[in-house]
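See structure below.
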Amino acid sequence: MRIGINCYLLEPHIGGIKQYFLALCRELLLHDDQNQYVLFYFDRNLSELEKLGPGLIARHGILLRDQGEIRQHLPRIDLYFCPFGSLIPRPLPLPTVVTIVDIQEVFFPQFFTLHNLVARFWHYVGSTKMADHVLTISAFSKETLVRHHRLPPEKITVAHLCADERFYRAREIARRPAAALPERYIFYPANRWLHKNHDLLLRAISLLRERELLAVHTVFTGYDQKNGYAIEEKAREYGIGDLVTQMGYVSVEEMAYLYVHAELMVFPSLFEGFGIPLVEAMAAGCPVLAADSTSLPEVGGESVAYFDPSSPEALASSLHELLASPALRKDLVARGSRRAGDFSSARMAEQHLAAFRNAAQAYSRRRYLWQRYGYKYLHGVKTLLMGARILFNVR
Numbered sequence: 012m013r014i015g016i017n018c019y020l021l022e023p024h025i026g027g028i029k030q031y032f033l034a035l036c037r038e039l040l041l042h043d044d045q046n047q048y049v050l051f052y053f054d055r056n057l058s059e060l061e062k063l064g065p066g067l068i069a070r071h072g073i074l075l076r077d078q079g080e081i082r083q084h085l086p087r088i089d090l091y092f093c094p095f096g097s098l099i100p101r102p103l104p105l106p107t108v109v110t111i112v113d114i115q116e117v118f119f120p121q122f123f124t125l126h127n128l129v130a131r132f133w134h135y136v137g138s139t140k141m142a143d144h145v146l147t148i149s150a151f152s153k154e155t156l157v158r159h160h161r162l163p164p165e166k167i168t169v170a171h172l173c174a175d176e177r178f179y180r181a182r183e184i185a186r187r188p189a190a191a192l193p194e195r196y197i198f199y200p201a202n203r204w205l206h207k208n209h210d211l212l213l214r215a216i217s218l219l220r221e222r223e224l225l226a227v228h229t230v231f232t233g234y235d236q237k238n239g240y241a242i243e244e245k246a247r248e249y250g251i252g253d254l255v256t257q258m259g260y261v262s263v264e265e266m267a268y269l270y271v272h273a274e275l276m277v278f279p280s281l282f283e284g285f286g287i288p289l290v291e292a293m294a295a296g297c298p299v300l301a302a303d304s305t306s307l308p309e310v311g312g313e314s315v316a317y318f319d320p321s322s323p324e325a326l327a328s329s330l331h332e333l334l335a336s337p338a339l340r341k342d343l344v345a346r347g348s349r350r351a352g353d354f355s356s357a358r359m360a361e362q363h364l365a366a367f368r369n370a371a372q373a374y375s376r377r378r379y380l381w382q383r384y385g386y387k388y389l390h391g392v393k394t395l396l397m398g399a400r401i402l403f404n405v406r
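The opening position of the sequence shown corresponds to residue 12 in this note's numbering, with each subsequent residue numbered one higher.
As structure tokens, then:
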């Protein structure tokens, strides 16, 4: 098959989905000799696409000015794949596949603006309904799509993500960041989205200082976000400003150093479709303490320690226990190293190829015509009604 891939939403600051895309494309372009790939890309994508390796863009890329131009190339492809959560354009008269990593907005609408809620409904529901097959990144996410998008289970393939392969060689590639680091610290890598639950971690650190007289230095990495969580301001409010180091974006080599030298990686996120940092940390030999929510137990298995992400007391207790026990941390490292081997780009690519084959078999001209002349307009009406309902409830 000749498979077209829409790269339009690829940007530096989009978190784990960028890592997913780059790892997947690198694997498919270098190792799949049964299919051909065409990357529909735009000027905004070039800096990230260059990370795939020399020559790959020249051999596989088609530079476009607008997503609408993709239609001009449809006669020369056999299947169309959108990996960033939205099938654009849609519907199309050929087999289509879309990746939806999660539908967080269903569970935590308070983290989204009205515009974002309506846009997600329009794009995500419309995409999963109109695509011939849907990929997602965990059994947890698949179950939520079956329940909330009312999709048949056989329409969805789960493809677990993987860590960048360099984290499996973390000690070899590690480079100390230029910024000053505490001698002993815990580590939380996450952009400042509200669902990442930075506040719980700060409150737990504050409790440990107040009740146990224990100073737990914490290093944060990740991009700031519009209306995101103000780590430094809140840390000062909680009286732990001196215990917090905020580093922003760091390279893979610097991230490897932080994992290797951390006492543990803590991951208090309220909602994850997968949770790539768990695999990164396990691959790098860093013990992991994570929330017992959404997909995280599926990813960590029995190789991660867990806590209730709604309770700062529970997190403080778990931190105290692990920081006081080198033996517990050593055991988590050993189990985590074995667990990290379960995730690979080759396995992820195999699951995508299976989804592509399923889409090719599922496509029908009759279904496409219904989507084009019927469902598309029905979904538009549903989106307008959904937005009106939200607006009415807000007021």
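All residues carry an ideal CB built from backbone N, CA and C; glycine is no exception.
Cβ-based neighbour list, Q382, same chain, cut-off 7 Å, excluding 5 preceding and 5 following: As a working note, residue 382 is residue 371 in the sequence shown. If we look at Q382 and ignore the five residues flanking it on each side, its Cβ neighbours are P102 and M141.
N-terminal and C-terminal residue of the beta strand (DSSP E) that G72 is part of: If you number the sequence shown from 1, residue 72 lands on position 61. Counting along the chain, the beta strand (DSSP E) containing G72 begins and ends at G72 to L74.
Same chain, Cβ closer than 8 Å to H331, five either side skipped, listed in chain order: Working through the sequence shown from its first residue, we reach residue 331 at position 320. Correct list, in chain order: L219, E223 and L225.
Beta-ladder partner(s) of I197, from DSSP: In the sequence shown, the residue the question calls residue 197 occupies position 186. DSSP, once it has assigned bridges, lists T229 and L275 as partnering I197.
Alpha helix (DSSP H) segments (min. 4 residues) lying fully within the stretch 138 to 185: 150 to 159 and 181 to 184
Simplified DSSP state of Q257, which is helix, strand or coil: Taking the first residue of the sequence shown as position 1, residue 257 is located at position 246. Q257: strand per DSSP, three-state reduction.
Integer Cβ distance of F151 from E274, believed to fall under 8 Å: Residue mapping note: residue 151 aligns to position 140 of the sequence shown, counting from 1. Residue mapping note: residue 274 aligns to position 263 of the sequence shown, counting from 1. So it is not a contact: roughly 28 Å between Cβ atoms.
Segment limits, alpha helix (DSSP H) that includes L20: Numbered from 1 along the sequence shown, position 9 holds the residue referred to as residue 20. Element bounds for L20: n/a, residue is neither H nor E.
Contact check, G66 vs Y52, beta carbons under 8 Å: Here the question's residue 66 lines up with position 55 in the sequence shown. Here the question's residue 52 lines up with position 41 in the sequence shown. No. Outside cutoff.
Integer-rounded CB distance, given that L326 should sit under 8 Å from F318: Position 307 of the sequence shown holds residue 318. Position 315 of the sequence shown holds residue 326. Between L326 and F318 the Cβ distance is about 5 Å, and since that is below 8 Å, they are a contact.
Supposed close pair Y31, L172 - CB separation, criterion 8 Å: Here residue 31 corresponds to residue number 20 of the sequence shown, with the count starting at 1. Here residue 172 corresponds to residue number 161 of the sequence shown, with the count starting at 1. The Cβ separation is near 5 Å, so the contact holds.
Secondary structure of R203, DSSP reduced to three states: As a working note, residue 203 is residue 192 in the sequence shown. R203 falls in the coil class under three-state DSSP.
CA-to-CA distance, V227 to I197, given in whole angstroms: As a working note, residue 197 is residue 186 in the sequence shown. As a working note, residue 227 is residue 216 in the sequence shown. Cα-Cα distance, rounded: 7 Å.
One or two residues paired with Y317 in a DSSP bridge: As a first step, residue 317 is located in the sequence shown; it is residue number 306 there, counting from the start. The partner list for Y317 (beta bridge, DSSP) reads A301.
Anticipated Cβ contact below 8 Å, L205 with P323, distance rounded: By 1-based counting over the sequence shown, the position of residue 205 is 194. By 1-based counting over the sequence shown, the position of residue 323 is 312. No, L205 and P323 are not in contact; Cβ-Cβ is about 16 Å, not under 8 Å.
Beta carbon of Y268 nearer than 8 Å to that of R187: Numbered from 1 along the sequence shown, position 257 holds the residue referred to as residue 268. Numbered from 1 along the sequence shown, position 176 holds the residue referred to as residue 187. It is a contact, given that the beta carbons lie within the stated cut-off.
Alpha-carbon spacing of R406 relative to G96, whole angstroms: In the sequence shown, the residue the question calls residue 406 occupies position 395. In the sequence shown, the residue the question calls residue 96 occupies position 85. Legend: pLDDT at R406 = 47, less than 50; position of this residue unreliable, value from coordinates given subsequently. The alpha-carbon atoms of R406 and G96 are separated by roughly 30 Å.
A399 to R131 span [Cα, whole Å]: Residue 399 sits at position 388 when you count from the first residue of the sequence shown. Residue 131 sits at position 120 when you count from the first residue of the sequence shown. Distance between the alpha carbons of A399 and R131 is about 15 Å.
Sequence ranges, alpha helix (DSSP H) only - wholly within the stretch 336 to 397, length at least 4: Counting whole runs of 4 or more residues, the stretch 336 to 397 contains the alpha helix (DSSP H) stretches 337 to 351, 356 to 373 and 376 to 381.
Nearest-angstrom beta carbon gap, L156 and I99 [assumed within contact, 8 Å]: By 1-based counting over the sequence shown, the position of residue 99 is 88. By 1-based counting over the sequence shown, the position of residue 156 is 145. 19 Å between Cβ atoms; not a contact.
R13 - partner residues in DSSP beta bridges: Along the sequence shown, read from residue 1 onward, the residue named residue 13 stands at position 2. R13 is bridged to Q47.
Burial state of L389, where buried means 16 or more other Cβ atoms lie within 10 Å: Position 378 of the sequence shown, counted from the first residue, corresponds to residue 389. L389 comes out exposed.
Cβ distance (whole Å) where A366 is taken to contact V108 below 8 Å: For this step, residue 366 is matched to residue 355 along the sequence shown. For this step, residue 108 is matched to residue 97 along the sequence shown. Indeed, because the Cβ distance is near 6 Å, the residues count as touching under 8 Å.
Residue closest to R247, alpha-carbon to alpha-carbon, out of R214, M359 and G64: For the purposes of this step, residue 247 is identified with residue 236 of the sequence shown, where counting begins at 1. Measuring from the Cα of R247, the nearest candidate turns out to be R214.
Beta strand (DSSP E) segment containing V108, residue limits: Your numbering for residue 108 matches position 97 in the sequence shown. First-last of the beta strand (DSSP E) with V108: T107 to T110.
Identity of the residue in D303, D54 and V299 nearest N17 by Cα: Working through the sequence shown from its first residue, we reach residue 17 at position 6. The option with the nearest alpha carbon to N17 is D54.
Those residues which DSSP pairs with F92 across a bridge: If you number the sequence shown from 1, residue 92 lands on position 81. Its beta-bridge partners are I16 and V108.
Buried versus exposed call for G461 [16 or more other C-beta atoms within 10 Å across all chains shown]: Outside the displayed range of the chain (12 to 406) lies residue 461, so it cannot be described from this structure.
Residue from L33, L146 and L105 whose Cα sits closest to the Cα of L364: Position 353 of the sequence shown, counted from the first residue, corresponds to residue 364. Per the Cα distances, L146.
Cα-Cα separation between I14 and H84, rounded to whole angstroms: Position 3 of the sequence shown, counting from 1, holds the residue named residue 14. Position 73 of the sequence shown, counting from 1, holds the residue named residue 84. Going by the C-alpha atoms only, they are around 11 Å apart.
Within 8 Å, strictly: CB atoms of Y234 and G259: For the purposes of this step, residue 234 is taken as the residue at position 223 of the sequence shown. For the purposes of this step, residue 259 is taken as the residue at position 248 of the sequence shown. Yes, Cβ-Cβ distance for Y234 and G259 is below 8 Å.
Sufficient close CB pairs (3 or more, under 8 Å) joining the stretch 340 to 347 to the stretch 286 to 303: yes
Pairwise C-alpha distance: G26 and S329: For the purposes of this step, residue 329 is taken as residue 318 along the sequence shown, with counting starting at 1. For the purposes of this step, residue 26 is taken as residue 15 along the sequence shown, with counting starting at 1. Between S329 and G26, the C-alpha separation is close to 27 Å.
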